[in-house]
Structures are given as structure tokens and as C-alpha cells.
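Undergrad: Could you have a look at this structure, given as C-alpha cells, before my questions?
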Amino acid sequence: MKCQRCDRQATFHITDLIDGKPNELHLCEECAQSFLTPSEEDVADVMPAMAGLLAQHLAVGETADQLARLDQRSCPVCGITFLEFRKKGRLGCPHDYVFFADELEPLLMNIHDQVHHIGKVPKRCPQGADQQTQLIRLRREMKEAITTEDYEQASKLRDQIHEIEEASQTSDEDAP
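First residue of the sequence shown? That's 1 in this note's numbering, and the numbers climb one at a time after it.
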């Protein structure tokens, strides 16, 4: 992601609450430093607004609670939480776009100015995407079964995974 003030890579992502509404800034290190250390003229302008910060304090608490609840939500297919996505910057499966749609749309609009893919698609379109999603789900379930020491269920899931992988390999060999 590029800095909103220059063309360098943005490394700081700052969210300001203005009148209770979040305003996101994506800045490089230099622009972030100048933004975070205002000049003396800026300080004189900011002082009257400080009184409004106390009124906004309750809204900030609500936003923090909402974010904490959102961070706990996890995709039913791959199991990734929104917190993991925020930390890594990567989703776990294609279904995450649907599951986290409300949270991702503003982010996608901010980054790409679009919420729908426009451009090239693989020639072998997502015919195998459902299999990949199923494999991800089965592996996650197998890992959970092992954690809970349900080894019978884990072995059944392992066998299902092997069947899907073998079917996928034979269909890849048959393709031209």
C-alpha cells in the first residue's frame, strides 16, 4: 500500500476518530513522523478540539469493544479470525471474503477503489477452488480432532483428505 502523501510504501496505518467516525491514514515513516509531531501553528488549532475528545471517549470505548468482538469472529471454513487477518494481512480461504464482507469492503475500496475483481483470471478457473476449500476445512478439523485426542475422527478425516488429493492428482494428469 502506498503512502497517501507521497509515493513511498506505507508502513504506518493510523486511525483517527473525528466526530466519532474513523478516518484511516496510510503513511510512510517520514510522513507519519511529520503527522505525529505537529508544528506550533497546528498545536494552536488542535487545542480547542481537545475538549471534544472527552465527549468522544465513550464512542472510543464502544469502538474498542466492537473491534474486540470482531477479532474473535472466525471463518467457519478455514478457522481464521479477523485478528489473525489484521496481524498477517492475509485471508485463509476464498470464503473469508463473504464471511468478513462488511469489514473488508471499506478496506478494499480504500486500497483498490473497487470491491469486485477487474482483470485477468486463471485459465483453469476456480474449478478446484471448492476442493481446496474443502481440504483446508478438513485439515483444520483434523487438527482439532488431534488436539481433543479424538484419533478415530482424525484418521477418518485424514483418509478423506487423501481421497481428495488423489482425485485431484488424477484429474490434473488427465487434463491437456
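C-beta atoms are modelled at their ideal positions from N, C-alpha and C, and glycine is treated no differently. Source: prediction; values computed, not measured.
Here's the rule I'm using: 16 or more other beta-carbon atoms within 10 Å means buried, otherwise exposed. How should residue 136 be labelled?
TA: By the neighbour-count rule (16 or more Cβ atoms within 10 Å), residue 136 is buried.
Undergrad: Is residue 167 helix, strand or coil when you go by DSSP?
TA: The answer is helix: DSSP assigns residue 167 an H, G or I state.
Undergrad: Just to confirm before moving on: does the CB-CB distance between residue 131 and residue 168 stay below 8 Å?
TA: Yes, they are a contact pair.
Undergrad: Counting along the chain, where does the beta strand (DSSP E) carrying residue 26 start and finish?
TA: Looking at the DSSP string, the run of the beta strand (DSSP E) that includes residue 26 is 21-27.
Undergrad: How is residue 33 classed by DSSP in three states: helix, strand or coil?
TA: In this structure, residue 33 counts as helix in the three-state DSSP scheme.
Undergrad: Could you tell me which residues DSSP puts in a beta bridge with residue 16?
TA: Answer is 23, bridged to residue 16.
Undergrad: Please name the residue, chosen from 162, 148, 120, that lies closest to residue 138 on a Cα-to-Cα basis.
TA: That would be 162, whose Cα lies nearest to the Cα of residue 138.
Undergrad: According to DSSP, is residue 2 helix, strand or coil?
TA: Three-state DSSP puts residue 2 in a strand.
Undergrad: Using a Cβ-Cβ cut-off of 6 Å (strictly less than) and excluding sequence neighbours within five positions of residue 32, which residues of its own chain qualify?
TA: The residues are 12.
Undergrad: Do you know how far the Cα of residue 145 is from the Cα of residue 73?
TA: Spanning the two alpha carbons is a distance of roughly 21 Å.
Undergrad: Check whether the Cβ atoms of residue 89 and residue 79 sit closer than 8 Å, and answer yes or no.
TA: Against a cut-off of 8 Å, the Cβ pair of residue 79 and residue 89 comes out as no contact.
Undergrad: When the Cα atoms are used, what is the spatial distance from residue 213 to residue 84?
TA: Any question about residue 213 goes unanswered here, given that the chain covers just 1 to 176.
Undergrad: Buried or exposed, going by whether 16 or more other CB atoms sit within 10 Å of the CB of residue 101?
TA: Counting Cβ neighbours within 10 Å, residue 101 comes out exposed, since fewer than 16 surround it.
Undergrad: Any idea which residues DSSP pairs residue 74 with across the strands?
TA: Answer is 81, bridged to residue 74.
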